[in-house]
Amino acid sequence: MRRKEYACPNGCSLPPRRKQLREYSDGTYGFDFYDFTFCPCCGSLMPYSLKKLKGFFEVYNIHTALSDAVQLIYKSEFESAAREAFIAVENYLKKKSGLDSHGFDLATRALSFEIDKQTGEIKRSPLIAINDLKNESERNEQDGIRYMLMGFFQGPRNLYQHNHIGSGVSNSISVIIEASFFLHLLDGHSITQNGRWIPEKMDYREIFQKMPKRIDRWKLIHLLKKRACRSKKNH
Numbered sequence: 001m002r003r004k005e006y007a008c009p010n011g012c013s014l015p016p017r018r019k020q021l022r023e024y025s026d027g028t029y030g031f032d033f034y035d036f037t038f039c040p041c042c043g044s045l046m047p048y049s050l051k052k053l054k055g056f057f058e059v060y061n062i063h064t065a066l067s068d069a070v071q072l073i074y075k076s077e078f079e080s081a082a083r084e085a086f087i088a089v090e091n092y093l094k095k096k097s098g099l100d101s102h103g104f105d106l107a108t109r110a111l112s113f114e115i116d117k118q119t120g121e122i123k124r125s126p127l128i129a130i131n132d133l134k135n136e137s138e139r140n141e142q143d144g145i146r147y148m149l150m151g152f153f154q155g156p157r158n159l160y161q162h163n164h165i166g167s168g169v170s171n172s173i174s175v176i177i178e179a180s181f182f183l184h185l186l187d188g189h190s191i192t193q194n195g196r197w198i199p200e201k202m203d204y205r206e207i208f209q210k211m212p213k214r215i216d217r218w219k220l221i222h223l224l225k226k227r228a229c230r231s232k233k234n235h
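Take 1 as the starting number for the sequence shown in full-length UniProt numbering and just add one per residue.
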């Protein structure tokens, strides 16, 4: 009898969970459980795999525009999840550029720009700029991401759209991660900029009112008092 986290969510009959001889990642051997990532009968993610995947997506900070694709992969609808990710990126490009193109052509027109070869100045700005295009590194990033998006649509997207291809969980996760990478860039999160915390004013009164637990309200008051004391000392 398998424990719930190691049993197929659809009730498929699986062999008993026993320790087997296996090779570890460091090249050593031993007897341990060899668990299925997904059910070998129906292809659904096993519960313990689903839990790990959810944790990974939380750490990775998948773009919010991919929430439908993520929910589909949680349901083990891998091919649909990948297709939804392609749609999300295409719709995002359309919305930000104002173009009514599709796929390869959309990426080409939305991110392309022209430079005056004599002066080095921008002659035609892109409809979507992922950075300020002030130097060679930023312009290379703009061109590089444009080419990557063109390939994203020309290759994987077209295969999924025009052919019924069996897509395992690994391929679908890769598509979603790549889509999230593009979407964050389209939001202006250039990889040429160093990551940093952006100071932001917060209305702590509103936060206090939305704290149902008394202990949390007490902790917030205590935190603000400590900050006020530090501020006085620094001045």
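Note that the Cβ used here is the ideal one computed from N, Cα and C, for glycine as well.
Note that the structure is a prediction, hence the values are computed from the model and not measured.
Beta-carbon separation (whole angstroms), residue i vs residue j, contact threshold 8 Å
{"i": "F104", "j": "F153", "result": "5 Å"}
{"i": "S76", "j": "S44", "result": "4 Å"}
{"i": "R83", "j": "Y160", "result": "5 Å"}
{"i": "F78", "j": "G168", "result": "6 Å"}
Residues bridged to residue i [DSSP beta-bridge criterion]
{"i": "F38", "result": "L45"}
{"i": "I79", "result": "Reading off the sequence, residue 79 comes out as Glu, not Ile. DSSP lists no partner for E79."}
{"i": "I122", "result": "I115"}
Three-way DSSP call (helix, strand, coil) for residue i in this model
{"i": "D32", "result": "strand"}
{"i": "I128", "result": "coil"}
{"i": "E23", "result": "strand"}
{"i": "E114", "result": "strand"}
{"i": "I198", "result": "In this predicted model, I198 has a pLDDT of only 48, less than 50, meaning its place in the structure is not dependable; the value taken from the coordinates is given anyway. Three-state DSSP puts I198 in coil, outside helix and strand."}
{"i": "P156", "result": "helix"}
{"i": "R227", "result": "helix"}
Neighbourhood of residue i by C-beta, 7 Å cutoff - its chain only, sequence neighbours within 5 removed
{"i": "K19", "result": "F31, D32, F33"}
{"i": "R157", "result": "F86, G103"}
{"i": "D132", "result": "E138"}
{"i": "A107", "result": "L93, R146, L149, M150, F153"}
{"i": "F36", "result": "M46"}
{"i": "W218", "result": "none"}
Own chain partners of residue i with C-beta closer than 8 Å, once the 5 adjacent residues on each side are dropped
{"i": "L224", "result": "Y204"}
{"i": "I207", "result": "L220"}
{"i": "V70", "result": "F57, I62, A81, I176"}
{"i": "I145", "result": "L111, I130, F182, L185"}
{"i": "K233", "result": "none"}
{"i": "R17", "result": "R2, R3, Y6, F33, D35"}
{"i": "T192", "result": "N131, S137, E138, E141"}
{"i": "K54", "result": "Y74"}
{"i": "K226", "result": "none"}
{"i": "E121", "result": "I115"}
Nearest neighbour of residue i, chosen from the options [CA to CA]
{"i": "L66", "options": "G98, G27, K52, S174", "result": "S174"}
{"i": "L127", "options": "H162, S101, Q118, T119", "result": "S101"}
{"i": "N163", "options": "N91, S170, G155", "result": "G155"}
{"i": "L50", "options": "K210, S125, Y6", "result": "Y6"}
{"i": "L72", "options": "V89, S172, T192, G11", "result": "S172"}
{"i": "Q142", "options": "Q118, R230, Y160, S190", "result": "S190"}
{"i": "C39", "options": "G11, G27, V59", "result": "G11"}
Any non-hydrogen atom of the ligand ATP closer than 7 Å to residue i Cβ
{"i": "H222", "result": "With respect to the ligand ATP, the structure offers nothing, as it holds no ligand at all."}
Same chain, Cβ closer than 6 Å to residue i, five either side skipped, listed in chain order
{"i": "S97", "result": "A110, L127, I128"}
{"i": "D116", "result": "K123"}
{"i": "V89", "result": "A179, F182"}
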